[in-house]
Structure formats: structure tokens, C-alpha cells
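Novice:
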Amino acid sequence: MGVEENLLLEEEEEGHDEQLNRCETAYKTKNASTTAVFEYGWVLTRDEDVDKVNEGIKLLKALQYEVKSTRGHALLAISQAYFRLGEYNSARKHAHMLIKLYPRTDPERNENLKKAIELHKKIRSEVQHRGMKFFGMIWVVGVAMAVGFIAYRNRNS
Numbered sequence: 000m001g002v003e004e005n006l007l008l009e010e011e012e013e014g015h016d017e018q019l020n021r022c023e024t025a026y027k028t029k030n031a032s033t034t035a036v037f038e039y040g041w042v043l044t045r046d047e048d049v050d051k052v053n054e055g056i057k058l059l060k061a062l063q064y065e066v067k068s069t070r071g072h073a074l075l076a077i078s079q080a081y082f083r084l085g086e087y088n089s090a091r092k093h094a095h096m097l098i099k100l101y102p103r104t105d106p107e108r109n110e111n112l113k114k115a116i117e118l119h120k121k122i123r124s125e126v127q128h129r130g131m132k133f134f135g136m137i138w139v140v141g142v143a144m145a146v147g148f149i150a151y152r153n154r155n156s
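Here numbering that gives the first Met the number 0 is used: the first residue of the sequence shown is 0, the next is one more, and so on.
Below you can see the structure in the form of C-alpha cells.
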């Protein structure tokens, strides 16, 4: 089982708030381990409060450059957090960074690469869906304006 799966299982067993409190306590101890920093950042990105999510993103961004062993997991969590916030360009950018990151010899390649590719597809689908909705709304407004203009013109003739 991977790092993300373990954290998701803990979240399910403990509840988000309890997991957040536990990870925050571990994070705030003197000389917190990189694992504690990663877990706290990851838990923050799963919160409902946008400020906490952004704080988690900042922690994970800093950590990804300091610790190679958690870089892939941090990029995946960052990308997922941006997706939940609706910041699709940032989500796609970090998913793409993750896809490019893993060399063929990395044992975690399959797990995180599959998740990154799946997330990248999900982002692309959401962006296309929103684009089609926008185009549809513009079309409806255009038709309504044309009908209104014709009615106005006929009324004044």
C-alpha cells in the first residue's frame, strides 16, 4: 500500500479533524521529521478551508524540492488540491510535472504515474466540459438577443 492510501485509510479511521490535530502536533514538535511535515501538508490539502489548503500546498511545494523521496507524492497532493480548488491550470501543470518526474527504474513509478495520468485526464475532461457549457451559454444568449432585437424591430415598425 502506498503513502497516499495509508493516509486515506487513517483519515477514514480517525476522521479528518482528528488526523489534522495529530499531524499538526507532530509537525510542531522540535525537529519534526520530513514525514511529519509531508503528512501535515497532505492533510491540510484535504481540508475544506481554502486557507488551510493553500497552506498545505505551500508546505508540500517547499518539501518537494528538499526531499526527493516524497517529491512524487507531494506533486500528486498539490495537483489534487488545485483540482479541488478549481485551479485547473495549476493542477494540470503539477500533474504533468509528476508524469515527467518518474524514471523507468523508480519502484513508485507505476502507482503515482497512473494516478497522475488519471488526474490529468480528469482535469482535461473538466476543462472541456466547462468550455462547452460556456459556449452553450453564449449561444443561448446570442439567440435570445436576436429574438429580442427582431421583436423590438417589429414592434417599432
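For each residue, glycine too, the CB sits at the ideal point set by N, CA and C. None of these values were measured; they are calculated from a predicted model.
1) From which residue to which residue does the alpha helix (DSSP H) around residue 55 run?
2) Under a Cβ-count criterion, where at least 16 other Cβ atoms within 10 Å of its own Cβ denotes burial, should residue 27 be classed as buried or exposed?
3) Between the alpha carbons of residue 152 and residue 141, how many angstroms are there, rounded?
4) Can you give the Cα-Cα distance for residue 25 and residue 90, rounded to whole angstroms?
5) Which residue from 32, 7, 93 and 13 puts its Cα closest to that of residue 81?
6) State yes or no: is the C-beta of residue 114 within less than 7 Å of the C-beta of residue 75?
7) Can you give me the C-alpha to C-alpha distance between residue 147 and residue 154, rounded to a whole angstrom?
8) How is residue 40 classed by DSSP in three states: helix, strand or coil?
Specialist: To lay it out plainly:
1) Reading the sequence shown from its first residue, position 56 is the one you call residue 55. From DSSP, the alpha helix (DSSP H) with residue 55 extends over 49-65.
2) Residue mapping note: residue 27 aligns to position 28 of the sequence shown, counting from 1. Burial call: exposed.
3) Here residue 152 corresponds to residue number 153 of the sequence shown, with the count starting at 1. Here residue 141 corresponds to residue number 142 of the sequence shown, with the count starting at 1. Answer to the nearest angstrom: the Cα atoms are 16 Å apart.
4) Position 26 of the sequence shown, counting from 1, holds the residue named residue 25. Position 91 of the sequence shown, counting from 1, holds the residue named residue 90. Rounded to the nearest angstrom, the two C-alpha atoms are 28 Å apart.
5) Residue mapping note: residue 81 aligns to position 82 of the sequence shown, counting from 1. Here the closest residue by C-alpha is 93.
6) Walking along the sequence shown from the start, residue 114 turns up at place 115. Walking along the sequence shown from the start, residue 75 turns up at place 76. In contact: residue 114 and residue 75 (Cβ atoms closer than 7 Å).
7) As a working note, residue 147 is residue 148 in the sequence shown. As a working note, residue 154 is residue 155 in the sequence shown. Answer to the nearest angstrom: the Cα atoms are 10 Å apart.
8) Within the sequence shown, numbered from 1, the residue matching residue 40 stands at position 41. Correct three-state label for residue 40: helix.
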